[in-house]
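Heads up, the thing below is written out as structure tokens.
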Amino acid sequence: MGETPVIDVRGLTRHFPSGTALDGLTLEVAQGEVLALLGPNGAGKTTTVRLLNGVLEPDGGSATVLGYDPTADGDAIRARTGVLTESAGLDERLTARENLVFSGRIRGMTKADSGRRADDLLGVLAMGDRADLPVQGFSTGERKRVALARALLHNPEVLFLDEPTSGLDPAATREVVDLIARLATEEGRTVVLCTHFLPEAGRLADRMAVLDRGQLLAFGRPEELAAELWDGLAAEIDLGRPADERVLTATRSTQGVLDAEPIPEGLHVRVASREVLPAVVARLVETGMPVYASVPRPPTLEDVYFEVTSRAGVEITAEAA
Amino acid sequence: MAFVAPAWGPMRAVVAKDLTAVSRSKAVIIPMLAVPVLLLIVLPFVIGLAASGKGAVEGTGILDQVPGGLADEISSLPDNEQLVVLVNGYLLAPLFLIVPLMVSAVLAADAFAGEKERKTLEGLLHHPLSDRDLFLAKLATAYLPAVLVSWIGFVCFAIVSNGVAWPQVGRVFVPTKLWLVVILWIAPAVAATGLGIMVRVSARVRTSQEANQLGGAVILPLIFLAVGQSTGLLLVTPQIAIGVGVLLWAVALLLIRGGARKFTRNALATRL
């Protein structure tokens, strides 16, 4: 990853008549990095994307994207970024291809070049056979794919993707997630991913930023944040059935065990270090419990998100979860 | 601040896209073409048929309502030409102005408020086109077709008016000098005024329908005023018509300049 951040945000603040949307956001994103911008509705994710693309102006703080100030050099930024907005934002009266060619022409591409690129991308996103149909009849997932193709049309260096997989079926979701992963890892694109789908964020994100009502609750690598949130190492022990009180007592009394909770398949333990796990297993065997497996389970991005928001007292809606 | 040349290519792309989209929208196209057809083809045809071959208007009191110079000119014509020349050559000219006003207003509502309604505005704002160029492109989307439709409509009007009266008049009497002033000077000013009104209105509403309703509240009195003028009080001499045009251009430019100041990404995105 490059030393100079591609996105550098310092104390970015934006108020609306309805309230503060972003309050002193500070973070940076390196080249080729995927940042997951997480938070419930109204957290400030979309406002952040708009501010970083110079579509909104901040009330305080500063930012640079690809070395440009979004307020002063918005067009320079927008020429090198691709944005997938939450609503696909396609003109329904035009065909998928026409929407893409229009975008390309605004970006200074020739009609022929934009047409070729549009065909390639629509093909990659399994929309090739729908290219010349009006968007009006498209499903949400199809619109999302066309909008994603539009965001990629000009080979942007930085991608801002707001809910890229909402409305997609599982197969299409996997294809899009794979595509985003390829763009970041193989092509070195920087990606800011705003999403409610935490497993998707967990698979893609190098770092995560958790926002709530404009405040940054946490920013960093999931494993670093996990180390700050919890002591020791988490593991799951498969007993074939939920641990009962006797098992829990035996586990908790083992030296180095910090915590133990029952789960449907057995036991979730938190231990001071990896070396404690064999001792736990030995103790369980001594008590006559069959132990089928013992697997260290580092906290996922999802675990970190829920812990951060829970500690901050954030109400998580079903959609946000 | 250094002048930055407009990005003509991207601006042309915005205009072409908007017009392609509008051409596929029956709700926009049908009223936009129906009014010109009615006013510039059907009306002069019917009036021309009715007025052709009628007797002199002199002595009927009609000429008392028009300025002396025009009354003298009409009186000097053969009796069977007087009514058709007065009506199609002069009295319909102000009514014709409804066409540029309506076309520019309908297209401006679609170009400005319609982007919000269709939720396509944010996507557009994320493209590298300056606020000024985007505003100019949107203006052109509404303005150029309004003037073009007016001019093409006028050519149709001239053909119909001259054709229907040919048996009596036997010469081309439209365009008169007044018509030329109306077509080349006042119609573009009226289109700009309609555009200016809708630019201001569109900033306050969320749908093109609301824009048309609110804009209509401003534009309808103007239409009534225009219709009122067909009784011959103001717009019947080229000199006065030029003066009215100057006034309209001033109003239009003030409205558009005010609209341009408020047409910024920040202002637009704040209301998304």
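Here the protein sequences line up with chains B and D, keeping their order.
Sequential numbering from 1 applies to the first sequence in my numbering.
Sequential numbering from 1 applies to the second sequence in my numbering.
For each residue, glycine too, the CB sits at the ideal point set by N, CA and C.
At a cut-off of 8 Å, the C-beta of Ala203/D has no neighbouring C-beta in chain B. Under the Cβ criterion (8 Å, minimum of three pairs), the region 125–134 of chain D counts as touching the region 92–108 of chain B. Its Cα nearest to that of Gly54/B, the residue Thr81/B stands out among Val29/B, Ala43/B and Thr81/B. Three or more beta-carbon pairs separated by less than 8 Å are not found between the region 184–203 of chain D and the region 77–86 of chain D, which leaves the two stretches without contact. For Ile7/B, not one C-beta of chain D is nearer than 8 Å to its own C-beta. Chain D places a beta carbon closer than 8 Å to that of Arg78/B, counting this residue as a contact. Across the set Leu12/B, Gln31/B, Leu25/B and Glu3/B, the C-alpha of Gln31/B shows the shortest separation from the C-alpha of Val191/B.
Here Ile30/D is exposed. Its C-beta has fewer than 16 other C-beta atoms within 10 Å.
The Cβ atoms of Leu66/B and Val158/B sit closer than 8 Å to each other. By the rule that beta-carbons nearer than 8 Å mark a contact, Pro10/D touches chain B.
If only uninterrupted alpha helix (DSSP H) runs of at least 4 residues are considered, those enclosed by the region 111–194 of chain B are 111–124, 140–152 and 170–185.
Segment contact: the region 102–112 of chain D against the region 137–145 of chain D, three or more CB-CB distances shorter than 8 Å; contact assigned. Per the coordinates, the alpha-carbon of Arg265/D lies some 13 Å from the alpha-carbon of Gly259/D.
For Ile98/D, DSSP assigns no beta-bridge partner whatsoever. By the Cβ rule, the region 116–125 of chain D does not count as touching the region 165–183 of chain D, because fewer than three pairs are nearer than 8 Å.
Setting aside the 5 residues that flank it on each side, Gly256/B is surrounded in the same chain by Val271, Ala272 and Val276, each with a C-beta closer than 6 Å to its C-beta; the list follows chain order.
Only residues of its own chain outside the window of five on either side were considered, and among them Val57, Ala71, Ile74 and Ser75 have a CB closer than 7 Å to the CB of Leu63/D, listed in chain order. For a cut-off of 8 Å, the C-beta gap from Leu49/D to Val164/D is around 6 Å, short enough to register as a contact. The Cβ atoms of Ala241/D and Ile186/D lie closer than 8 Å to each other. Under the Cβ distance rule, Ser18/B does not count among the residues neighbouring chain D, no pair being separated by less than 8 Å. In the DSSP assignment, Leu267/B falls within the beta strand (DSSP E) that extends over Gly266 to Val271. Assigned with DSSP and collapsed to three states, Pro145/D falls in helix. Of all residues in the region 51–74 of chain B, only Asn53, Gly54, Val55, Leu56, Glu57 and Gly74 place a beta-carbon less than 8 Å from a beta-carbon of chain D. Contact of Arg182/B with chain D is not assigned, every C-beta pair being separated by 8 Å or more. Secondary structure at Val190/D: helix, using DSSP grouped into helix, strand and coil. C-alpha of Ala250/D to C-alpha of Arg10/B: approximately 46 Å in a straight line.
According to DSSP, residue pairing for Gln215/B in a beta bridge involves Asp212/B.
With a threshold of 16 other beta carbon atoms within 10 Å, Val149/D meets it and is buried. C-alpha of Val4/D to C-alpha of Arg132/D: approximately 10 Å in a straight line. When the five nearest sequence neighbours on each side are left out, the beta carbons in the same chain lying within less than 7 Å of the beta carbon of Ala51/D are those of Leu83, Val84 and Val87, in order along the chain.
By a beta-carbon distance limit of 8 Å, Leu84/B contacts Pro164/B. Their separation comes to about 6 Å. Across the region 256–271 of chain D, CB contacts with chain B closer than 9 Å involve Thr264, Arg265, Asn266, Leu268, Ala269 and Thr270, in sequence order along the chain.
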